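Every position in the sequence shown, counted from 1, becomes a number in our numbering once 110 is added. Step one of this worksheet: look at the structure below.
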Amino acid sequence: MTIQSVRGMPDVLPEQAGGWLFLENTAKQIFANFGLTQIRTPILEETRLFARAVGDVTDIVEKEMYTFDDRNGDSLTLRPEVTAGVVRAAIEHGLLHNQTQRLWYQGPAFRYERPQKGRYRQFHQIGVECFGFEDAAMDAELIEMTNALWRALGVRDAVTLELNTIGSPAARRAYRDALVNYLRTHEAALDAESVSRLERNPLRILDSKNPEIQALLNQAPTMDAYLTEEDRAHFSRLCALLDAAGIDYVRNHRLVRGLDYYGRTVFEWTTDALGAQGTVCGGGRYDGLVEHLGGKSTPGVGFALGVERCVLLMETLDVIPENMQAQADVYVMVQAAEAEVVARQMTSVLREQLPDVRILMHIGGGSLKSQLKKADKSGAQIGLILGEHELVDETVLIKPLRGGEQITVARNEVSKVMQTIKDSAWTM
Ligand code: HAM
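Next comes the structure, spelled out in structure tokens:
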């Protein structure tokens, strides 16, 4: 029997890697554009970090974590999300003393969920966490950043911003009591999941997908009445900034998110294009988390997007640039065995002079026809061919592989000519 990958932990094969690279490169560029710096934290953390940060009575901590004792008997957990580790690291290394931070990260996370399209047990997040900013301008900036990312990826028209405020802890407690009171009077109509949430984490009932529960919630008290003046001012400022930036949103009073650390702003970017797993990005404010994890009270706000879901969306909309899926831009072929050494030298010089061009040199001989087939398969735009003639004349044949006239140029001119062809998007 051959060994297979673990259920829910798919491989990313070369043919899919182009979409991943496009997303990662674009995100990196936008984060740099917004002045963020990167942080990398371990994939394993102490189990109690997630119990404290994400919350004991969340689905994630109650039933989705990969937790084990290491050889020393310490309980460790594969991170189910990255925010907790970033906050832990920021406190541990004094990154929050008299300074603000704007940090981004990317990497895997693990949740023991039922695998389906867009939902995996190992998945990947790209995220941002900002510390030391009380102002709703930072909430707005994060949303602006994601908006810029969707635009750059070509998926903006397929995603919707859902926005809500869940208020400060005191407001939330008061609302929680009101919601529980209301639902208690309708307890007979609740499903098993809602009954169990009623005791443990009642706000999560707002997330219920059950139409009967949703109907019941239509009559339920809403958070709005319980917000403090400051909560309201924070949310109005955020909405005003989004309006000014021309970013539309849908106010979703039921949006509470599945992690306990949030307060005030919560948001999600969702799409209809992927079926059930339509949330491509989620985030919000967590002003109490740093203190809750033992640091000095520091406001925080952030988001994470699901890489697999974003790539699925990009594939569905067919927006991944073709050249991201190609292996090479230029494919070097040799028509006469004697030309090989010269071709290698030429390729080596080309790679040095055009470091951002992907240059693949044919290996393994064979007829020119079979080499051209491989060149085509590589996705390359341009073929460079060295045969007997070219060897003698110190030239090289430049052959466009996607239409156009071939030309012969002096070999010592080839870098310059290739640069020109590249600048005209490989057309010739
Ligand atoms: P989250 O909503 O749990 O938030 O996850 C963020 C995103 O990760 C989701 O919107 C989804 O796209 C993706 N995701 C989550 N679970 C899976 C899964 N099983 N398979 C595939 N994709 C998945 C957080 O994790 C927060 N730490 C976000 C945050 C950062 N809030 C503030 N800062």
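Quick reminder that beta carbons are idealized off the backbone N, C-alpha and C, glycines included. Quick caveat, the model's predicted, so the values are computed rather than measured.
Chain-order list of residues whose beta-carbon lies under 8 angstroms from that of D121 (same chain, five-residue window excluded): On the sequence shown, position 11 is the one that residue 121 refers to. So the qualifying residues of the chain are S115.
message: With H, G and I counted as helix, E and B as strand and the rest as coil, what does DSSP make of R294?
response: Taking the sequence shown and counting its residues from 1, one reaches residue 294 at position 184. Three-state DSSP puts R294 in a helix.
- request: Could you tell me which residues DSSP pairs with C240 in its beta bridges?
  value: Position 130 of the sequence shown holds residue 240. Bridge partners of C240: R212, V411.
DSSP beta-bridge partners of E156: Here the question's residue 156 lines up with position 46 in the sequence shown. DSSP lists L186 as partners of E156.
field: Beta-carbon gap between I492 and V440 smaller than 7 angstroms
entry: Position 382 of the sequence shown, counting from 1, holds the residue named residue 492. Position 330 of the sequence shown, counting from 1, holds the residue named residue 440. The answer is yes: Cβ separation under 7 angstroms.
- request: Compute the minimum distance between the beta carbon of Q235 and the heavy atoms of ligand 1, and state whether it is under 6 angstroms.
  value: Residue numbering aside, residue 235 sits at position 125 when the sequence shown is read from its first letter. The answer is yes for Q235.
task: Report the residue from G514, E223, T112 whose alpha carbon sits nearest the alpha carbon of D169.
output: Here the question's residue 169 lines up with position 59 in the sequence shown. Closest by alpha carbon: E223.
message: Counting C-beta neighbours from all protein chains within 10 Å, is the total for D180 16 or more, i.e. buried, or is it exposed?
response: Locating residue 180 in the sequence shown gives position 70, where the first residue counts as 1. The residue in question, D180, is exposed, as its Cβ has fewer than 16 Cβ neighbours within 10 Å.
message: Using CA atoms only, rank isn't needed, just tell me which of E339, N257, Q529, M248 is closest to E462.
response: Taking the sequence shown and counting its residues from 1, the one referred to as residue 462 is at position 352. Looking at the Cα atoms, Q529 is the closest of the given residues.
- request: Determine the contact status of G128 and I469, defining contact as a CB-CB distance below 7 angstroms.
  value: Along the sequence shown, read from residue 1 onward, the residue named residue 128 stands at position 18. Along the sequence shown, read from residue 1 onward, the residue named residue 469 stands at position 359. Going by C-beta atoms, G128 is not nearer than 7 angstroms to I469.
message: 7 angstroms is my cut-off, CB to CB: does Y371 come that close to chain B?
response: The structure shown contains no chain B; it holds only a single protein chain.
- request: Grab me the residues of G277's own chain with a C-beta within less than 8 angstroms of its C-beta, minus the 5 sequence neighbours each way, in chain order.
  value: Mapped onto the sequence shown, residue 277 falls at position 167. Counting only Cβ-Cβ distances below 8 angstroms, and skipping sequence neighbours, we find Y285, M333, Y336, L337, T338, D341, G373, R374.
query: Cβ-heavy atom distance between G412 and ligand 1 below 6 angstroms?
result: Position 302 of the sequence shown, counted from the first residue, corresponds to residue 412. Within the cutoff, so yes.
- request: Reducing DSSP to helix, strand and coil, say where K483 ends up.
  value: Reading the sequence shown from its first residue, position 373 is the one you call residue 483. K483 falls in the helix class under three-state DSSP.
field: 7 angstroms Cβ shell around A137 - same chain, five flanking residues per side excluded
entry: Reading the sequence shown from its first residue, position 27 is the one you call residue 137. So the qualifying residues of the chain are I236, L259.
- request: Would you tell me roughly how many angstroms separate the C-alpha atoms of G385 and S306, rounded to the nearest one?
  value: The residue given as residue 385 occupies position 275 in the sequence shown. The residue given as residue 306 occupies position 196 in the sequence shown. Cα to Cα, G385 sits roughly 27 angstroms from S306.
query: With a Cβ-Cβ cutoff of 7 angstroms, do L326 and A299 count as a contact?
result: Mapped onto the sequence shown, residue 326 falls at position 216. Mapped onto the sequence shown, residue 299 falls at position 189. Against a cut-off of 7 angstroms, the Cβ pair of A299 and L326 comes out as a contact.
query: At which residue ranges does the segment 282 to 329 contain complete alpha helix (DSSP H) runs of 4 or more residues, listed in the order of the chain?
result: 302 to 310, 321 to 328
- request: Compute the Euclidean distance between the alpha carbons of G412 and V197, then round it to the nearest angstrom.
  value: Residue numbering aside, residue 412 sits at position 302 when the sequence shown is read from its first letter. Residue numbering aside, residue 197 sits at position 87 when the sequence shown is read from its first letter. Roughly 11 angstroms between the two C-alpha positions.
- prompt: Measuring CA to CA, which of D370, I201, V417 is closest to Y396?
  reply: Position 286 of the sequence shown, counted from the first residue, corresponds to residue 396. The shortest Cα separation from Y396 among D370, I201, V417 belongs to D370.
task: For my contact list, M175 and T187 are in at a C-beta cut-off of 8 angstroms; report their separation, rounded to the angstrom.
output: Taking the sequence shown and counting its residues from 1, one reaches residue 175 at position 65. Taking the sequence shown and counting its residues from 1, one reaches residue 187 at position 77. 5 angstroms between Cβ atoms; contact.
- prompt: Apart from the five residues on each side of it in sequence, which residues of its chain come closer than 8 angstroms, Cβ to Cβ, to N257?
  reply: One-based indexing of the sequence shown puts residue 257 at position 147. Excluding residues within five positions, the ones whose Cβ falls inside 8 angstroms are R266, L271, A355, I357.
message: Is E498 near ligand 1 - that is, is its Cβ less than 6 angstroms away from at least one heavy atom of it?
response: The residue labelled residue 498 in the question sits at position 388 within the sequence shown. No, ligand 1 has no heavy atom inside 6 angstroms of this Cβ.
query: Roughly how many angstroms lie between the CA atoms of I153 and A219, to the nearest whole one?
result: Residue mapping note: residue 153 aligns to position 43 of the sequence shown, counting from 1. Residue mapping note: residue 219 aligns to position 109 of the sequence shown, counting from 1. Cα to Cα, the separation comes out at about 7 angstroms.
task: Tell me whether R221 counts as near ligand 1, meaning its Cβ is closer than 6 angstroms to at least one heavy atom of that ligand.
output: The residue given as residue 221 occupies position 111 in the sequence shown. Under cutoff, so the answer is yes.
message: I'd like the list of long-range same chain contacts for A199, defined as Cβ closer than 7 angstroms, with 5 residues on each side in sequence excluded.
response: For the purposes of this step, residue 199 is identified with residue 89 of the sequence shown, where counting begins at 1. I149, T151, listed in sequence order.
query: Taking the alpha carbon of G497 as the point to measure from, which residue in E448, E418, V519, K487 has its own alpha carbon closest?
result: To locate residue 497, count along the sequence shown from 1; it is residue 387. Of E448, E418, V519, K487, the residue nearest in Cα terms is E448.
query: Going by the C-beta, is T136 closer than 6 angstroms to any heavy atom of ligand 1?
result: Locating residue 136 in the sequence shown gives position 26, where the first residue counts as 1. No, the beta carbon of T136 sits no closer than 6 angstroms to any heavy atom of ligand 1.
task: Verify the contact flag: T64, CB atom, against every heavy atom of ligand 1, threshold strictly below 6 angstroms.
output: No information on residue 64 is available, as it lies outside the stretch 111 to 538 that the chain covers here.
- prompt: Would the beta-carbon of L273 fall within 7 angstroms of that of Y215?
  reply: If you number the sequence shown from 1, residue 273 lands on position 163. If you number the sequence shown from 1, residue 215 lands on position 105. No, the Cβ-Cβ distance between L273 and Y215 is not below 7 angstroms.
- request: Assign T537 to one of two classes, buried (16 or more other C-beta atoms within 10 Å of its C-beta) or exposed (fewer than that).
  value: Indexing the sequence shown from 1 puts residue 537 at position 427. Looking at its Cβ environment, which holds fewer than 16 other Cβ atoms inside 10 Å, T537 is exposed.
message: Going by DSSP, what residue range makes up the beta strand (DSSP E) through L273?
response: Looking up residue 273 in the sequence shown gives position 163. Its beta strand (DSSP E) spans residues 269 to 275.
- request: Have a look at the DSSP bridge pairing and note the partners of K509.
  value: The residue given as residue 509 occupies position 399 in the sequence shown. In the DSSP output, where bridge partners are listed per residue, K509 has G493.
query: Going by DSSP, what residues sit across from Y176 in a beta bridge?
result: Here residue 176 refers to the residue found at position 66 of the sequence shown. Y176 is bridged to L188.
query: If you scan the segment 374 to 406 from start to end, which runs of the alpha helix (DSSP H) of 4 or more residues do you find wholly inside it?
result: 399 to 402
task: Apply the 10 Å Cβ neighbour rule to R231 and answer buried if 16 or more other Cβ atoms are within range, or exposed otherwise.
output: Within the sequence shown, the letter at position 121 stands for residue 231. Buried, since its Cβ has 16 or more Cβ neighbours within 10 Å.
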